[in-house]
Structures are given as structure tokens and as C-alpha cells.
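Notes for the one structure printed next.
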Amino acid sequence: MTLYARFAASLDGILDSLVAAGSLPAGIERRNVTVEPPRDATHGDLATNAAMVLAKPAGTNPRALAGLIAPKLGELAEVESVEIAGPGFINVRLTPEVWRQELKVILDEGARYGASHMGAGKRVNVEYVSANPTGPMHMGHCRGAVVGDALAALLEYAGYQVTREYYVNDAGSQVQTLARSAHMRYREALGETVTIPEGLYPGDYLIPVGQALAAEFGDRYVGAPESEWLALFREKTVAAMMDMIRADLALLGIHHDLFSSEAEVQRAGKVNAALDRLRAEGLVYEGVLEKPKGEAADDWEPVEMTLFRATAFGDDSDRPVKKADGSYTYFGNDLAYHAEKASRSDMLIDIWGADHSGTVKRIQAAVKALTGSAVPLDVKLVQMVRLLRGGEPVKMSKRSGSFVTLADVVREVGKDVVRFTMLTRKADAQMDFDFAKVVEASKDNPVFYVQYAHARTRSLHRRLAEQGLAPVAEPDLTLLDAEELALVKLSAQFPRIIESAAANHEPHRVAFYLFDLAAAFHSVWNRGNDDPSRRFLVVNDMETTSARLSLADSIGQIIRNGLAVMGVAAAEEMK
RNA sequence: GCGCCCGUAGCUCAGUUGGAUAGAGCACGAGCCUUCUAAGCUUGGGGUCGCAGGUUCGAAUCCUGCCGGGCGCGCCA
């Protein structure tokens, strides 16, 4: 239980006692009562809005009600002082001992400090990456991959049971194109000189696939009609692409629990089953769509096809699930896939590129229809990343097949830098990724600044050891001054940050918090520049040094815990 | 035409799911340091939270309508 939850419980008890004493009517809704650290530290350590929220239903005014609550809060052993402020806030200042104890809690709980039971073991499915299996991962996929992976770890840390899932789009026309491209490379491997036609995938990465196909099948399919090899080549090539993608993801430390195949969903009859269910409820029907309102619809012809009644769930138009020729649309398959995912989850999260924003409503409509709104679906849209080098845009040419691959970037700046940087912006805000800036060793660079703070906490141990010194077994934490204890107060907010980041599906909050914590730590550390007696390591005073070492260790622990959620390794030293 | 996202300091962005005097970095001004506690430190100025209404004890946050920017719209995936 966090410090804040503990006080919320104490407050609840006080309110109960006021009810019992007849000073507060029974049965008042307390849901909006909060216990939080005030934004302004001069207001104390905790603040509650209880008096303001409850005054009206209690038929009194906030300051009068606060006058009843405040003295009872003041009786708590951990409370140093209480004051009523502004419109009726009750500000509480805690004794220094509370923070000294919290420091010990951080060190005792270690990697579990900040972990939460908020999720109560509920099953969350996070689907992310799901890049088409037609080539290696490039930077366009990177941000969604990192955000999804960090969100999965965050939810796990917050007590959810998480499945990390990748939806393999192996049923559409793109993988047919892929198979034809691989066939060209197959012929090439058998000695033919080939030119990859416009519209096929020209990338070199298919050369080894062609060679493998040649080695396995010889020249059997060189002149054969497509019907004989297309499905086979597709399957083989997709498998090769997925191996490549898995290897790319591993460079980022990303490992999915489950890879679900679109083709398999179809083959297993799950699409028909889902559509039949909806048809029975009148939510799937044969019909004709209106001409789209946008421009470039000159070639529009009204044709009858199978539609899902998405408008019944807030979408702007009903959506095709089957084309006029009877084959499924992408959405039809995706609908069935989400039905399947929903059947084994309590909550669904999809991480999509922002260019798919137009299709969010239909899939949410589908999940509502399929689950009776029992399984919520959050579609997180991730904005594009602009690649820069020293402020200049990095040129990319898709036509020649040369794009900036994820593997190249990880090789250049490292996994940890990529991951951290991708989390330094809200997912739905666009972002610049400058190769020069992300590796810069300066305060402007949050990746560096946070790692540097951690390295400093570790350097203390190295330097102690070098000088043959050892900290005392039971440090006297009363030697910590107010500014040092303020670091503990900031550390104590970590569990709250985790819970709010998890509840809002916003892993970037962890990155911003760590930057704040690092800045506060550096600031305390820098006091030693002017006054050697305020350094963390004071050679002739092992008592004080030991207390400060505990503080530094607790900060290091929080940074490690936060970085672990982000999937970033903490640096032992800055070489 | 419609939908989604966005609009916060000169710039890049946070803002604890409605809290108190709206924050950080950069840039700018002023001091300090010339060091291995090292890749700077301290401090100051800087705001009509796009505009206008509404909801209430209280709004950057929620609602409505405008203005401005980005993305999207199909039997594509």
C-alpha cells in the first residue's frame, strides 16, 4: 500500500467517525475525495479536497467541514501539522520520520517498489508492431513497437496479466506481391538475370530467400503457372520475413508472446463464425454503400456487398466485411480477429500508426457489437517520427527500397537510446529523432541525464571500495537534511506515477518523471561543488556518508525500476 | 463535405484522468566555477493555456460554437 493510499484510508476512517458522531450525514458519495501531493511543495506533503467535495451534500460550507476533519488528521502519529487553506483544502505536513521510513521501504522492496495491484490480474491484450511481413522493420515501425512494449511492461508492473501480441497480415494482396517478388529472386538464384518490375518489392533482403527457394525446389517452378507456386512461395517467404522481423525486434529487446496469422483466422472459419453471429443480430447485411463524400471518387459504382452496421455503434458509415466477389475485406478479417482476442481478454489495446486513424471507429464498433461492450478496446495512435541528423532531415527513398531500417538505427545509437527517446513524447504528438542529439552528453538530452544520475549513484560504491571504506550497517537517517528528504518525497511519488501512467496507457509519463527525479538528484549532488561537507561521499564522516549512500541507493533503485518498465538498461558508469 | 488528433513562454514540450500563484529544457539577461563530485552551477525576466460562451466551490483540463494546423475518407492493407 502506498503512502498516499494509507492516508486515504486514514481519512476514510475519520469521515466514518464524523458520520458516527452525527456531524456528517451518512451515505455521502466520497468517490471524488482525493489525497494527493500538492503541486506546490510549500503547501505541505499531502492535500485533500474532502471538505470541498463533501460540503455541499453535507449541507455545510467547506471551511467549516475542514474545521472538523483537520484536527482529527492532526492526531495521526505521522502528521506534524495540518492547516486549512484557500477554498477549503486541508494541507498536511508529515514528520521527517515518515520519509525516513519511506526511504527504507524503497530499499526493502527494491525492484518491487512502485509495482501495483491495480490491475488485479485482469487479462490485457496489447497488440503492437503488426508490421506487414513484406520486409525488414524500418523506423516507421519503431515508435509503435517501443510504445507498445513499454505499455505492456507498465501494465504488467501495475498488476495486469499481459499478452503481447503481433497480428501477421499474411492474407492480403501485399503478401501475394511479396511471393511474386520472391519468385523473381528465385529465378535469379538459378542464374537468370532479372529486373524487378515496378510494383514488386525490390529490396535485397529477398535475395537470400530466393536462394533458399532455389536450394529447396530446384528449377521446378521457374516456368510454372502462378497457381502452382504462389501459395507455397507466399508461405515460405512470409515465414522468412517473420524470422527477420523477430530478429529486428529482438535488437530492441522486444519479444511477443503470440503471433496470430490473419490467414489462419480465415482458414479456421472464424471470420464466418463472427459474421454469422452478427448477422443473427441484424448487424451484418447485404447492402450498397453511398458514394463517399471525399474527392477522387469519380470511378465510384454502387455495388452490393456484405456490410457491418457500424453506424449502430457510432461510426459514420457501415463498413464492408466482404467484397462483391465474396472475399473478405481486411476489416472483415480484423473484426473476426478482435472477436477472438476479446474472447480471451478483459481488455484490448491496439497500437496503430496515426495514418490508420480513419479506421478506429469501425473496429471499436465491431468490438462493442461482438462483446456487448463488455471488453473495452483502446486504440492508441502513434504519430510519425521525423528522422534528423544535426537538424537536417534524413533523406529516404522508398522507391529504390532503401529506407532507414530499425537495425541500422539500433546499431548506430544503441537500443537504450532508441527506446528512451521514443518515450520522451506523448504517443499522439509528432516527434523528431535527431541522431546527433540523442547521443549528446548534456543536460538537454534526457536519456543521458537520467543515465548519468544512475551512474553517479553507482560511482559512490566504486569509490568507497577503492578507498577501502565500507558504509555502516545501520545508517542514521536523521543525518539527512530537508533537501535530501525532499528527494525521498519525490521518490515516493513513483508508485503514483506508475498507476496513473498505467491507467491512462501513457508510458511516456515514466520517462518524464525519471527526468524530474534525475534533475532533483543532480541538484542535491551539486551542492557538493561549493561545500565539500555536503558531498555524498565524505571520507572522514562515514556516518553521514552512509546515510547519504542510502539515499543515493534509493534514487538509483527508483531509476532502475522506471527504466525497467521502459525496457532500458541502467548505466553503471558513463565512460 | 465528414471524422480523428492537435493548438500552453520566442522554440521544443510536460501538466498527476476538475484543484491553490500554469511548469521543465533550450534560447535570452546577470552572477559563479576553470574543477576529475567530470560531460557546468546559481539566479532573473518571459503566459489572454487559439477565440467566445457554458457547466461549478474551482476549468489548460469537461460541454457547445467558431478560428487555425496536421492526418484520414474508397470493395487498399
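Just so we're aligned, residue 719 is where the first sequence starts under the working numbering, counting upward by one. Glycine included, every Cβ here is placed at the ideal spot set by N, Cα and C.
Residue burial classification, residue i (beta-carbon count within 10 angstroms, cutoff 16)
| i | result |
| --- | --- |
| residue 1003 | exposed |
| residue 774 | exposed |
| residue 979 | buried |
| residue 1057 | buried |
| residue 1040 | buried |
| residue 1190 | exposed |
| residue 1172 | buried |
| residue 1009 | exposed |
| residue 758 | exposed |
| residue 1160 | exposed |
| residue 915 | exposed |
| residue 1262 | buried |
| residue 828 | exposed |
| residue 745 | exposed |
| residue 1117 | Residue confidence is low: residue 1117 scores 44 on pLDDT, short of 50, so the model does not pin down where it sits. No coordinate-derived value is stated. |
| residue 820 | buried |
| residue 766 | buried |
| residue 1018 | exposed |
| residue 866 | buried |
Proximity below 8 angstroms, CB of residue i to CB of residue j
| i | j | result |
| --- | --- | --- |
| residue 1284 | residue 1138 | yes |
| residue 1005 | residue 1034 | no |
| residue 889 | residue 984 | yes |
| residue 1101 | residue 1145 | yes |
| residue 1066 | residue 843 | yes |
| residue 729 | residue 768 | yes |
| residue 1205 | residue 1267 | no |
| residue 893 | residue 851 | yes |
| residue 1042 | residue 1001 | no |
| residue 1070 | residue 1097 | yes |
| residue 1049 | residue 1107 | no |
| residue 1103 | residue 861 | yes |
| residue 1169 | residue 1292 | yes |
| residue 802 | residue 791 | no |
| residue 736 | residue 748 | no |
| residue 1032 | residue 988 | no |
| residue 1105 | residue 1151 | yes |
| residue 798 | residue 813 | yes |
| residue 1287 | residue 1277 | no |
| residue 1099 | residue 1072 | yes |
| residue 800 | residue 1141 | no |
Close-in-space but distant-in-sequence residues of the same chain around residue i (CB under 7 angstroms, 5 per side omitted)
| i | result |
| --- | --- |
| residue 859 | 847, 849, 1124 |
| residue 1213 | 720, 832, 834 |
| residue 898 | 918 |
| residue 1265 | 1193, 1194, 1195, 1197, 1198 |
| residue 1143 | 1149, 1226 |
| residue 723 | none |
| residue 880 | 842, 844, 870, 873, 874 |
| residue 1131 | 1153, 1156, 1157 |
| residue 912 | 902, 905, 906 |
| residue 779 | 773 |
Whole-Å CB distance - residue i paired with residue j, under 8 angstroms assumed
| i | j | result |
| --- | --- | --- |
| residue 840 | residue 970 | The Cβ separation is near 27 angstroms, so there is no contact. |
| residue 1093 | residue 1064 | 7 angstroms |
| residue 805 | residue 770 | 6 angstroms |
| residue 763 | residue 818 | Not quite, the Cβ-Cβ distance comes to about 13 angstroms (not below 8 angstroms), so this is no contact. |
| residue 667 | residue 883 | No statement about residue 667 is possible, as the shown extent of the chain runs from 719 to 1293 and does not include it. |
| residue 1122 | residue 1165 | Not really, about 19 angstroms apart at Cβ, beyond 8 angstroms. |
| residue 957 | residue 931 | Actually they do not touch by this definition, with Cβ atoms about 11 angstroms apart. |
| residue 1273 | residue 1235 | 7 angstroms |
Beta-carbon proximity list for residue i, same chain, < 6 angstroms, skipping 5 on both sides
| i | result |
| --- | --- |
| residue 946 | none |
| residue 952 | 893, 897 |
| residue 1270 | 1175, 1178, 1254 |
| residue 751 | 768, 771 |
| residue 1230 | none |
Same chain only: Cβ atoms within 8 angstroms of residue i, ignoring 5 sequence neighbours per side
| i | result |
| --- | --- |
| residue 1216 | 832, 833, 834, 872, 875, 876, 1228, 1283 |
| residue 1025 | 1002, 1003, 1004, 1005, 1007, 1036, 1037, 1038, 1039 |
Within the region 1070-1158, ranges of the beta strand (DSSP E) (whole runs, at least 3 residues): 1095-1100, 1103-1107, 1149-1152
Contained alpha helix (DSSP H) runs [length at least 4] in the region 746-776, N- to C-terminal order: 768-776
Complete beta strand (DSSP E) runs within the region 985-1013 (minimum length 3 residues, chain order): 1002-1006
Complete beta strand (DSSP E) runs within the region 868-946 (minimum length 3 residues, chain order): With a minimum length of 3 residues, the continuous beta strand (DSSP E) runs that stay inside the region 868-946 are 879-886.
Segments assigned alpha helix (DSSP H), at least 4 residues, entirely inside the region 1160-1208: 1164-1184
Uninterrupted alpha helix (DSSP H) stretches inside the region 794-834 (no shorter than 4 residues): Counting only runs that start and end inside the region 794-834, the alpha helix (DSSP H) elements of at least 4 residues fall at 814-827.
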